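Residue numbers (the working numbering): 596 to 1162.
Shown next, in structure tokens, is the structure this report addresses.
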Amino acid sequence: QRQIWQKIIEANLDADLKAMVRQDHGDHTHEWDDELIEDGTPATLSEMRGKDFAHLLEDIDGYLCELTGAQIRGGLHTLGQLPAGAQLTDLLFSLCRLPNLGVLSLREAVAQACGLTLATLLETPGRRLTSEEQQHLACLNTLHKDEQSTAAKVCASASDAIELLEKCCHHMLTVLQEHDFSTSAIVQASAVLSTAAGNLSGVHDVLSFVCTQIMPRLMQTGDEIRHIVRALDGQYVPAGPSGSPTRGMVHVLPTGRNFYTLDPRALPSQSAWEVGTQLAQALLDRHLHETGRYPESVGLSIWGTSALRTQGDDIAQVFALLGVRPQWQQENRRLRGLEVIPLHELGRPRIDVICRISGFFRDAFPHLIHLLDEAVHMVAALDEPAEKNYVRRHVEADITRYTEEGHDATTCHDYAHYRLFSSKPGAYGAGILPLIDERNWQDTADFAEAYVNWGGYAYTRSAFGVDARPAFRHALSRVTVAAKNQDNREHDLFDSDDYLQFHGGMIATIRALSGKAPRRYIGDSADPEHIRVRDLKEESLRVFRSRVINPKWLAAMRQHGYKGGLE
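Following this line, the structure appears as structure tokens:
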């Protein structure tokens, strides 16, 4: 144990240890204790024996695998230029990393050809492979036949298998690139899979998709500059859809078009509802595991740009937490209303949600503001036990509170039902950045004052930007979870100060108002099929290690001179 701990210290991974340890191991859990014994080894580590110690090694292996496989940017994009060489291969891999338009992801297709299930490998990357899985991996020829047996030996864990699958994917894409992405090279590219592999039709379909769909779209990258010139000259610029290409949305390419968004009356979409329900469940599962109970009130930071990319994941998560379900018109997929999910079907209490929406969301999606307000009133009016309906519990308590403070009946009703807050009409931001830039703060109370003053304006079906700072302050004081979702890996929380303003500002405000630090969760829906919820510290460490101090990322940024240094 001391040797393992020494290696952890040498790699500066001791700060990540709690993030590494998967506390749930099926039939038992691990609780980590930071206390050190006389030789400097953590007490928990020194007491581990047999299965427990093996699980720790698996957790470390899985964590390092996740960092290794994290998707990061390879420098900056130069207008009108398509990446070449290894950068193009990496770009193609990121674009077919997830399913596209009914086409499997390349990793999943290769895994299926090898008789494996990618989802099983990704679920627990540190897990030891079964003998059957190791036999399946023998079908992979790692470019040199004399290394085949060696590859099979080193693939001891699921993370090893994932690495080998991705190596196979990169090789096939490289072969296609060497043949100018001709479909006639597909069979040759897939030859990296030995004849012992299963049906290769899925692999061939993905490679064909790369040659016939992805590359033709990427080859139009040069249109970026041409279309900018046309726009400056007052000429027509072709329109195109918007979204995150690496999130299984290759159809939004090529870039350089005048992108359109979506019909706000169709938000959240049916696919967003599926993702949102998973985000809600993952958040509740994590909180339940960590505290043994459900959170009564969740604070969620919602941005308009995310709604455009995801078609309403955040909105769907709010509905799922409240326990209401969207209803769509089958003819045009627009929302025709909401229905309450019965408690017996929901299987848990209805969670109260305080939404801090961005100024852009406020301006772009008034329909969603009305819909969210309707959902709150629907749930608050339900005749259900208070312990099963936290919205109703809080509304009734707040009406009593505001009545005792001397407010009239209308004000009491409105204040008690306010759940959507933003900056006042025409204003944007969260008010935190000026304090930091000018060093005009002493403690979290200063941040809380700015956050409430800047964002304490309520938005409902009948009110637009009503000054409701007392209601905002009181609502935040009982929030126990501050959440923010990240829907893609094309940027992260270190790329923009908006993360620290909106999410960080909410965390600081809750701590100042309640005297307790809330749970700080980041929902990761970059891969909609594998939703994750991480603690803010876990996410920060993950991004810091996978990108910020990654030599590959630093080298790529240096290629862009002062602009790369600025980033």
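Every residue, glycine too, gets a C-beta built ideally from N, C-alpha and C.
None of these values were measured; they are calculated from a predicted model.
Distance, residue j Cα to residue i Cα
i, j, result
"R825", "G1100", "41 Å"
"A747", "R723", "Reliability of the predicted coordinates at A747 is poor, the pLDDT of 43 falling under 50, and the value obtained from them is presented with this limitation in mind. Straight-line Cα distance between these residues: approximately 13 Å."
"P1020", "L687", "42 Å"
"D993", "T1005", "13 Å"
"R1068", "D755", "49 Å"
"T1104", "R996", "21 Å"
"V1061", "N853", "35 Å"
"H1098", "G1156", "32 Å"
"Y1010", "P678", "54 Å"
"T963", "W898", "Residue 963 is actually Leu in this sequence, not Thr. Roughly 12 Å separates the two Cα atoms."
"T1039", "L1161", "29 Å"
"H672", "K1158", "11 Å"
"A915", "N1080", "15 Å"
"H650", "G1118", "25 Å"
"L696", "L759", "26 Å"
"T745", "A708", "Note that T745 scores 44 on pLDDT, short of 50, meaning its location in the model is unreliable and no value can be drawn from it."
"G894", "I910", "13 Å"
"L827", "Q815", "20 Å"
"L693", "A877", "20 Å"
"L1136", "E661", "12 Å"
"K740", "L608", "At K740, the pLDDT of 46 sits below 50, so the modelled position is not reliable; the number obtained from the coordinates is stated separately. So the alpha carbons of these two residues sit roughly 36 Å apart."
"Y1054", "D654", "45 Å"
"D1092", "H765", "34 Å"
Cβ-Cβ distance between residue i and residue j below 8 Å
i, j, result
"Q1096", "G1024", "yes"
"R842", "D1082", "yes"
"S892", "I949", "yes"
"L848", "L903", "no"
"R951", "G887", "no"
"G817", "G932", "no"
"A861", "R928", "yes"
"L612", "I603", "yes"
Expected contact under 8 Å - CB spacing of residue i and residue j to nearest Å
i, j, result
"V1128", "R943", "Not confirmed; about 16 Å, so no contact."
"L1015", "L966", "With a Cβ gap of about 10 Å, L1015 and L966 do not count as contacting."
"G721", "S752", "6 Å"
"A975", "R987", "5 Å"
"C734", "V805", "Contact doesn't hold; Cβ gap of about 22 Å is too wide."
"L977", "V919", "10 Å between Cβ atoms; not a contact."
"L795", "C763", "Their Cβ separation, rounded to whole angstroms, is 12 Å, which puts L795 and C763 out of contact at 8 Å."
"Q798", "V698", "Looking at the sequence itself, residue 798 is Val, so the reference to Gln does not match. Contact doesn't hold; Cβ gap of about 11 Å is too wide."
"H822", "G851", "5 Å"
"H989", "D947", "5 Å"
"V845", "Q808", "6 Å"
Opening and closing residue of the beta strand (DSSP E) in which residue i lies
i, result
"N853", "853-855"
"K1132", "Careful: K1132 lies outside any beta strand (DSSP E), inside the alpha helix (DSSP H) at 1131-1138."
"K1079", "1076-1081"
"Y1116", "1114-1119"
"F1089", "From DSSP, F1089 is part of no beta strand (DSSP E); its letter is neither H nor E."
"G688", "With the sequence shown as reference, residue 688 is identified as Phe, and Gly is not the correct amino acid for it. Per DSSP, F688 belongs to no beta strand (DSSP E); it is in the alpha helix (DSSP H), 680-690."
For residue i, the first and last residue of its enclosing alpha helix (DSSP H)
i, result
"S866", "865-886"
"W1049", "1039-1050"
"C1007", "1004-1012"
"V705", "701-708"
"I952", "Unbroken run through I952 is the beta strand (DSSP E), 947-952; no alpha helix (DSSP H)."
"S803", "796-804"
"R1106", "1100-1109"
"W600", "597-605"
C-beta neighbour in chain D for residue i, strict 8 Å
i, result
"L724", "No chain D appears in the structure shown, which is made up of a single protein chain."
Contact the stretch 769-782 vs the stretch 694-704: 3+ CB pairs below 8 Å: no
Taking three-plus beta-carbon pairs below 8 Å as touching, is the stretch 946-963 in contact with the stretch 1033-1043? No, the stretch 946-963 is not in contact with the stretch 1033-1043.
Would you call the stretch 664-676 and the stretch 1139-1151 touching, i.e. three or more CB-CB distances under 8 Å? yes
Assess contact between the stretch 1118-1137 and the stretch 859-876, defined as three or more Cβ pairs (one per stretch) separated by less than 8 Å. Is contact present? Pairwise C-beta distances place the stretch 1118-1137 in contact with the stretch 859-876, as three or more of them are shorter than 8 Å.
When you compare the stretch 831-841 with the stretch 873-890, are there three or more beta-carbon pairs, one atom per stretch, that lie closer than 8 Å? The stretch 831-841 vs the stretch 873-890: no contact.
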